[in-house]
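*Asks:* In our numbering, the protein residues as written are 151 to 541. Cβ coordinates follow ideal geometry from the N, Cα and C atoms, glycine included. All values reported here derive from a predicted model rather than from experimental measurement.
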Ligand SMILES: Cc1cc2nc3c(=O)[nH]c(=O)nc-3n(C[C@H](O)[C@H](O)[C@H](O)COP(=O)(O)OP(=O)(O)OC[C@H]3O[C@@H](n4cnc5c(N)ncnc54)[C@H](O)[C@@H]3O)c2cc1C
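Quick look at the structure:
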């Protein structure tokens, strides 16, 4: 029997999945006095060599738990968003408030930082194969024969969540008809790269292209979205073909072609989301992150919403008595389902907008401005405050 390391007489919480969502939740729950164990299928930490943009609505929560310096150390703070058409013409937009800018981070550095905060609570090589209701609480069973009893179980096990199945849900991911090629380019390979700041996006017919510096500017993260009729592997590690990618962006602005030419290798990722689930919580089991609400990445909010989930849940579980758990998990579900469903829909819409056939900078700017003000509600949100208001 493996179980949460009791650091207090608080609730024992078991999290399935040590991705960004599961680890952020572990940090938030421990900060509020709960005993947490995280169980991860992989034998060791596993993250993709790629960049991620952590939006302010999520970064603020991590910073509040004392991670401010650690984040600043690994982040390349966004200095705004620069938009261009596929030919490189600037698309103007209103400047964002500095408080609402994102943090650009190498995914491996982010995962290391989160893991460092919850050392000793993560058990690798534990693939969860069953979640059984033991009233009160639940029992997790793992492929290696271990079992764990907990007061609360959180499925943070990604888009193909087994915990989702264990609470009676059978929803399947839906392809956006888009594949993302991603890769990292050492900045020293391109003479102009040292000057690159913030998030840069080129928008054109059916395609969009993003790059931003990570690892203190030593690397440039590249993500290229192209249409695909193939059902792409939904994996961070499926190799892509740089020559095929170059063909997709023929005739685009020179920096786009230069970055693709400088890519040593590229990986491709089929882009999926899933319509909102009817519920996330059953008795003392709930879901979080991509297990609950996978979303297309065009708003850079997938991990951001996963982080919000964990912090909201921690507020609602703090001081909860064991017999109050099902009601607290329902409150969490209702709060988070509403917000994440809106963010999911807005993310799909953003993708359609970025890849519109219209390459006219003035029209792009006008539509961008309208769309940005319509989406402004996403960024200043305080997930902990919203959860506290329910108590
Ligand atoms: C191209 C692209 C770019 C993106 N860019 C951004 C961005 O800039 N900003 C942003 O906020 N989001 C972004 N996202 C989304 C973001 O990556 C995801 O939303 C986020 O990583 C989800 O985290 P998670 O912890 O919920 O799930 P995952 O990262 O999928 O983690 C799930 C974990 O559970 C483990 N697991 C699975 N099954 C089991 C089991 N049975 N037992 C034990 N462990 C198990 C897995 O091994 C894994 O470690 C992007 C996504 C894509 C595709």
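Under 8 angstroms, do residue 352 and residue 362 count as touching if we go by C-beta distance?
*Replies:* Translated into positions along the chain shown, residue 352 becomes position 202. Translated into positions along the chain shown, residue 362 becomes position 212. Their beta carbons are not under 8 angstroms apart, which means residue 352 does not touch residue 362 by this criterion.
*Asks:* For ligand 1, is there a heavy atom less than 7 angstroms away from the beta-carbon of residue 451?
*Replies:* Position 301 of the chain shown holds residue 451. Yes.
*Asks:* With a threshold of 7 angstroms (Cβ to nearest heavy atom), would residue 275 be considered close to ligand 1?
*Replies:* As a first step, residue 275 must be located in the chain shown, where it is residue number 125. No, since every heavy atom of ligand 1 falls outside the 7 angstroms radius drawn around the Cβ of residue 275.
*Asks:* Between 408, 460 and 194, which has its C-alpha nearest residue 164's C-alpha?
*Replies:* Within the chain shown, numbered from 1, the residue matching residue 164 stands at position 14. Among 408, 460 and 194, the Cα nearest to that of residue 164 belongs to 460.
*Asks:* In the DSSP assignment, find the beta strand (DSSP E) that holds residue 523 and state where it starts and stops.
*Replies:* Here the question's residue 523 lines up with position 373 in the chain shown. Looking at the DSSP string, residue 523 is not in any beta strand (DSSP E); the run it does join, the alpha helix (DSSP H), is 511-524.
*Asks:* Residue 377 by DSSP, collapsed to three states: which one?
*Replies:* Within the chain shown, the letter at position 227 stands for residue 377. Three-state result, residue 377: strand.
*Asks:* For a test of the three-state rule: what should DSSP assign to residue 157, helix, strand or coil?
*Replies:* Within the chain shown, numbered from 1, the residue matching residue 157 stands at position 7. Interpretation of residue 157 is limited by its pLDDT of 49, a score under 50 that renders its predicted location unreliable; no figure is taken from the coordinates.
*Asks:* Indicate whether residue 241 and residue 173 have their beta-carbon atoms separated by less than 8 angstroms.
*Replies:* Counting from 1 along the chain shown, the entry for residue 241 is found at position 91. Counting from 1 along the chain shown, the entry for residue 173 is found at position 23. No.
*Asks:* Would DSSP call residue 473 helix, strand or coil?
*Replies:* Indexing the chain shown from 1 puts residue 473 at position 323. It is helical.
*Asks:* Return yes when the Cβ of residue 176 is within less than 8 angstroms of the Cβ of residue 628, no when it is not.
*Replies:* Residue 628 falls outside the range modelled here, since the chain spans only 151 to 541, and no answer is possible.
*Asks:* Out of 303, 312 and 273, state which residue places its alpha-carbon closest to the alpha-carbon of residue 296.
*Replies:* What you label residue 296 is simply residue 146 of the chain shown in a count that begins at 1. If we check each option's Cα against that of residue 296, 273 comes out closest.
*Asks:* From the DSSP output, read off the bridge partner residues of residue 203.
*Replies:* Numbered from 1 along the chain shown, position 53 holds the residue referred to as residue 203. In the DSSP output, where bridge partners are listed per residue, residue 203 has 254.
*Asks:* Does at least one heavy atom of ligand 1 sit under 7 angstroms from the Cβ of residue 190?
*Replies:* By 1-based counting over the chain shown, the position of residue 190 is 40. It does: the Cβ of residue 190 is within 7 angstroms (strictly closer) of some heavy atom of ligand 1.
*Asks:* Nearest CA to the CA of residue 204: which residue from 186, 196 and 224?
*Replies:* Locating residue 204 in the chain shown gives position 54, where the first residue counts as 1. Per the Cα distances, 224.
*Asks:* Spatial neighbours of residue 316 within its chain, please: C-beta separation below 6 angstroms, excluding the five flanking residues on both sides.
*Replies:* Reading the chain shown from its first residue, position 166 is the one you call residue 316. 281.
*Asks:* On a Cα-Cα basis, can you pick out the residue from 209, 337, 423 and 328 that is closest to residue 263?
*Replies:* Reading the chain shown from its first residue, position 113 is the one you call residue 263. Comparing Cα-Cα distances from residue 263 to each of 209, 337, 423 and 328, the minimum goes to 209.
*Asks:* Does the beta-carbon of residue 473 have 16 or more other beta-carbons within 10 angstroms, so that it is buried, or is it exposed?
*Replies:* By one-based count along the chain shown, residue 473 stands at place 323. By the neighbour-count rule (16 or more Cβ atoms within 10 Å), residue 473 is not buried but exposed.
*Asks:* Can you tell me whether residue 551 sits near ligand 1, meaning its C-beta is under 7 angstroms from at least one heavy atom of the ligand?
*Replies:* Residue 551 is absent from the model: the chain starts at 151 and stops at 541.
*Asks:* Using CA atoms only, rank isn't needed, just tell me which of 377, 485 and 185 is closest to residue 327.
*Replies:* The residue given as residue 327 occupies position 177 in the chain shown. Among 377, 485 and 185, the Cα nearest to that of residue 327 is on 377.
*Asks:* Within 7 angstroms: the Cβ of residue 160 and any heavy atom of ligand 1?
*Replies:* In the chain shown, counting from the first residue as 1, residue 160 sits at position 10. Not under cutoff, so the answer is no.
*Asks:* Using a C-beta cutoff of 8 angstroms, does residue 353 count as contacting chain D?
*Replies:* Absent from the structure is chain D; it holds one protein chain and no more.
*Asks:* Grab me the residues of residue 535's own chain with a C-beta within less than 7 angstroms of its C-beta, minus the 5 sequence neighbours each way, in chain order.
*Replies:* Your numbering for residue 535 matches position 385 in the chain shown. No residues qualify anywhere along the chain.
*Asks:* Here's a check: name, in chain order, each residue in its chain whose Cβ is nearer than 6 angstroms to the Cβ of residue 433, leaving out the five neighbours to either side.
*Replies:* Counting from one through the chain shown, the residue named residue 433 turns up at place 283. So the list reads 283 and 476, once near-sequence residues are dropped.
*Asks:* Ligand 1 heavy atoms versus the CB of residue 554: any closer than 7 angstroms?
*Replies:* As shown, the chain starts at 151 and ends at 541. That puts residue 554 outside it, with no answer to give.
*Asks:* Less than 8 angstroms between the beta carbons of residue 388 and residue 418, yes or no?
*Replies:* Along the chain shown, read from residue 1 onward, the residue named residue 388 stands at position 238. Along the chain shown, read from residue 1 onward, the residue named residue 418 stands at position 268. Yes. Within cutoff.
*Asks:* What does the alpha-carbon distance come out to for the pair residue 407 and residue 329?
*Replies:* Numbered from its first residue, the chain shown carries residue 407 at position 257. Numbered from its first residue, the chain shown carries residue 329 at position 179. Roughly 18 angstroms separates the two Cα atoms.
*Asks:* Residue 336 to residue 234, Cα distance in whole Å?
*Replies:* Residue numbering aside, residue 336 sits at position 186 when the chain shown is read from its first letter. Residue numbering aside, residue 234 sits at position 84 when the chain shown is read from its first letter. The straight-line gap from Cα to Cα measures roughly 23 angstroms.
*Asks:* Along the chain, where does the alpha helix (DSSP H) that runs through residue 405 open and close?
*Replies:* Stepping through the chain shown from its first residue, residue 405 is reached at position 255. Looking at the DSSP string, the run of the alpha helix (DSSP H) that includes residue 405 is 404-412.
*Asks:* Answer yes or no: the CB of residue 312 versus the heavy atoms of ligand 1, is any distance below 7 angstroms?
*Replies:* For the purposes of this step, residue 312 is taken as residue 162 along the chain shown, with counting starting at 1. Yes; taking the cut-off as 7 angstroms, the Cβ of residue 312 has a heavy atom of ligand 1 nearer than that.
*Asks:* Taking 8 angstroms as the cut-off, does the region 303-318 touch the region 428-448 (at least 3 CB pairs, one atom from each stretch)?
*Replies:* Contact between the region 428-448 and the region 303-318 is present, because at least three Cβ pairs lie under 8 angstroms.
*Asks:* Taking only three categories from DSSP, how would you classify residue 481?
*Replies:* Here residue 481 refers to the residue found at position 331 of the chain shown. Residue state, collapsed to three classes: helix.
*Asks:* Are the Cβ atoms of residue 490 and residue 443 separated by less than 8 angstroms?
*Replies:* Residue numbering aside, residue 490 sits at position 340 when the chain shown is read from its first letter. Residue numbering aside, residue 443 sits at position 293 when the chain shown is read from its first letter. Yes, they are a contact pair.
*Asks:* Counting only the same chain and skipping the five closest in sequence on each side, list residues whose C-beta sits under 8 angstroms from that of residue 265.
*Replies:* For the purposes of this step, residue 265 is identified with residue 115 of the chain shown, where counting begins at 1. Within the same chain, residue 265 has close Cβ partners 168, 173, 195 and 272.
*Asks:* State yes or no: is the C-beta of residue 440 nearer than 7 angstroms to some heavy atom of ligand 1?
*Replies:* Walking along the chain shown from the start, residue 440 turns up at place 290. The answer is yes for residue 440.
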